[in-house]
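Numbering (my numbering), first residue to last: 1054 to 1326. Glycine included, C-beta positions come from ideal geometry on N, C-alpha and C. None of these values were measured; they are calculated from a predicted model. Scroll down for the structure; my scribbles are underneath it.
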Amino acid sequence: MKLTLLGTGSPIPDANRAGPSMLVQADGHHLLFDCGRGVLMRLAAAGVLPPMLHRVLLTHLHSDHVTDLNDVVTMRWAMSPVPNPLPVTGPPGTAALLDRTVAMLEDDICYRIAHHDDLHEPPSHETQEVLDGPALAIGEVRVTAAPTDHRPVAPTVGYRVEHDGRTVAIAGDTVPCDGLDRLCAGADVYVQTVIRPDLVAQVPSARLQDIVDYHSSVTDAARTAARAGVGTLVLTHMVPAPAPGSEDEWAAIARADFGGEVVVGTDLLAIDV
Ligand SMILES: [Zn+2]
Ligand SMILES: [Zn+2]
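Rendered as structure tokens:
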């Protein structure tokens, strides 16, 4: 199994970090988790084009995690020579989001159907909403969902991907909670979106201070990793983005509470699981 961090940014635009998204490749399948800013550029860099995706799995519907879902929908449709419905899994609300996305794209859909003689149908999708339990069985790959805690944003989920005795936990935005512990239990790799409350506190913006109480800090993530007995903790979606050269400082904070391997994520970093 291979995990590729496609984008390691946050809502705040960053020249070097695309929005949050990850690719998990296992047993010949390509699973895309979240669709942040620039997802298709990074996906192309990882050698995967939209028609090749076996499923998109969303952790929650915050804009930074779904802003380029419309690009995935459009290019899956436009690049597929025959109808190729996009399978999407996500928390309750996902089906309505897909329907609204297609509605938003109505002008483009009409232009392309009118222009291409071999294109007759609008984009289609097969949506599955999950909260707790089995989310996907494809080939020998199994994905389980569990509820996370990103309140007042709700519902939100994380995923546990298992193949060939190896496990990746993809947490999404959440504070420590029972669902997260279940996703991470004994995982080889645990990917957590994190913030640094100590740095956020230095920014004179009330709106930015609001993010502290619904994300895991680096220390929270490290303690979750230690409690769950994971092998490698991967930090992503870092707020604020680490200043160049400060990555070791971020890792050191995690290592204070977690004895396993710590990875400070960068775009297109690939990890063999
Ligand atoms: Zn969020
Ligand atoms: Zn986020």
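Since residue i sits in a beta bridge, which residues does DSSP pair it with?
{"i": "Pro1200", "result": "Val1210"}
{"i": "Ser1331", "result": "Coverage of the chain is limited to positions 1054 through 1326, which leaves residue 1331 absent and any answer about it impossible."}
{"i": "Tyr1267", "result": "Answer is none; Tyr1267 lacks a bridge partner."}
{"i": "Thr1142", "result": "Leu1110, Gln1181"}
{"i": "Leu1085", "result": "Leu1076, Val1109"}
{"i": "Pro1187", "result": "Thr1197"}
{"i": "His1216", "result": "Arg1219"}
{"i": "Asp1325", "result": "Lys1055"}
Say yes only if the C-beta of residue i is nearer than 7 Å to one or more non-hydrogen atoms of ligand 1, and no if none qualify.
{"i": "Asp1226", "result": "yes"}
{"i": "Val1206", "result": "yes"}
{"i": "His1082", "result": "no"}
{"i": "His1203", "result": "yes"}
{"i": "His1113", "result": "yes"}
Would residue i and residue j qualify as a contact pair, given that the criterion is a beta-carbon distance under 8 Å?
{"i": "Val1287", "j": "Val1242", "result": "yes"}
{"i": "Ala1199", "j": "Gly1232", "result": "yes"}
{"i": "Leu1084", "j": "Leu1110", "result": "yes"}
{"i": "Tyr1212", "j": "Leu1236", "result": "yes"}
{"i": "Leu1151", "j": "Val1141", "result": "yes"}
{"i": "Met1094", "j": "Val1077", "result": "no"}
Taking 7 Å as the cut-off, is the C-beta of residue i nearer than that to any heavy atom in ligand 2?
{"i": "Gly1117", "result": "Looking at the sequence shown, residue 1117 is not Gly but Asp. Answer for Asp1117: yes, Cβ within range of ligand 2."}
{"i": "Thr1246", "result": "yes"}
{"i": "His1169", "result": "no"}
{"i": "His1107", "result": "no"}
{"i": "His1173", "result": "no"}
Could you give the distance in angstroms between the alpha-carbon of residue i and the alpha-carbon of residue j?
{"i": "Arg1276", "j": "Asp1202", "result": "16 Å"}
{"i": "Trp1130", "j": "Val1228", "result": "36 Å"}
{"i": "Leu1058", "j": "Ala1167", "result": "37 Å"}
{"i": "Ala1156", "j": "Pro1293", "result": "34 Å"}
{"i": "Ala1279", "j": "Pro1297", "result": "27 Å"}
{"i": "Thr1061", "j": "Thr1319", "result": "6 Å"}
{"i": "Thr1100", "j": "Ala1307", "result": "Correcting the residue type first, residue 1100 is Gly in the shown sequence and not Thr. In a straight line, the C-alpha of Gly1100 is about 32 Å away from that of Ala1307."}
{"i": "Val1265", "j": "Ile1248", "result": "7 Å"}
{"i": "Glu1302", "j": "Met1291", "result": "13 Å"}
{"i": "Phe1311", "j": "Pro1176", "result": "45 Å"}
{"i": "Val1092", "j": "Val1125", "result": "8 Å"}
{"i": "Leu1114", "j": "Gly1146", "result": "8 Å"}
{"i": "Asp1226", "j": "Asp1160", "result": "33 Å"}
{"i": "His1216", "j": "Ser1258", "result": "43 Å"}
{"i": "Leu1106", "j": "His1082", "result": "8 Å"}
For ligand 4, is there any heavy atom lying closer than 7 Å to the beta carbon of residue i?
{"i": "His1178", "result": "This structure lacks ligand 4; its bound ligands are ligand 1 and ligand 2."}
Would the region 1087-1098 and the region 1112-1127 be scored as touching if the rule is three or more Cβ pairs under 8 Å?
-> A contact between stretches requires three or more CB pairs, one per stretch, nearer than 8 Å, and the region 1087-1098 meets this requirement with the region 1112-1127.
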